[in-house]
Amino acid sequence: MDVKDFCGGMETELKEWKAKFFDAIAKSDELGTADKEKAMAYFNNVKILVTEMEAKIDQLKTECPADWSPQKKEIDDGVVDLRSQYEETMNFIGKAAPVSVPG
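Spelled out as structure tokens, the structure:
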């Protein structure tokens with residue numbers, strides 16, 4: 000896989016993660032004020048992760064190094080972190096409002 004294909008695929012995947020978290024934010028609107036504030040902490044963590052990953056992808060696209068395996072690992076690790084953060088967020092939202100917000 001070359002750098003451009005990898006970056007294009009990761010940009011698409013990040014868009015999908017953003018959509019999932021947008022849906023989670025919408026679900027959190029059903030929470031009470033205190034729980035919604037706690038959920039926002041999860042969303043802020045995700046925003047930081049996504050911003051960092053976008054910067055790494057942009058850098059990789061512009062620099063196009065011969066050996067880009069370290070950057071690929073960082074981005075792949077970021078996806079793992081996003082998945083974990085998503086699961087934590089959905090578990091919290093589900094526990095905070097188990098009837099109205101399925102996990």
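Residue numbers (numbering that gives the first Met the number 0): 0 to 102.
Using N, Cα and C, we set each Cβ at its ideal position, and we do this for glycine too.
Residues Val2, Leu59 of the same chain have their beta carbon placed closer than 7 Å to that of Trp67, with the five preceding and five following residues left out of the count.
Take Gln84, set aside five residues on each side of it, and the residues of its chain with a beta-carbon closer than 8 Å to its own are Tyr41, Asn44, Val45, Leu48, in chain order. The shortest CA-to-CA distance from Lys14 to any of Leu81, Glu73, Glu62 is the one to Leu81. Rounded to the nearest angstrom, the Cβ distance from Met9 to Ile74 is 6 Å, consistent with a contact under 8 Å. Along the segment 14 to 95, the alpha helix (DSSP H) occurs as fully enclosed runs of 4 or more residues at 32 to 62, 68 to 95, listed in sequence order. Restricting attention to Ala38, Glu12, Thr61, the CA atom closest to the CA of Met89 is found in Ala38.
Phe21 is classed as exposed because its beta carbon has fewer than 16 other beta carbons within 10 Å across all chains shown. For the pair Val78 and Trp16, the CB atoms are nearer than the 9 Å cut-off.
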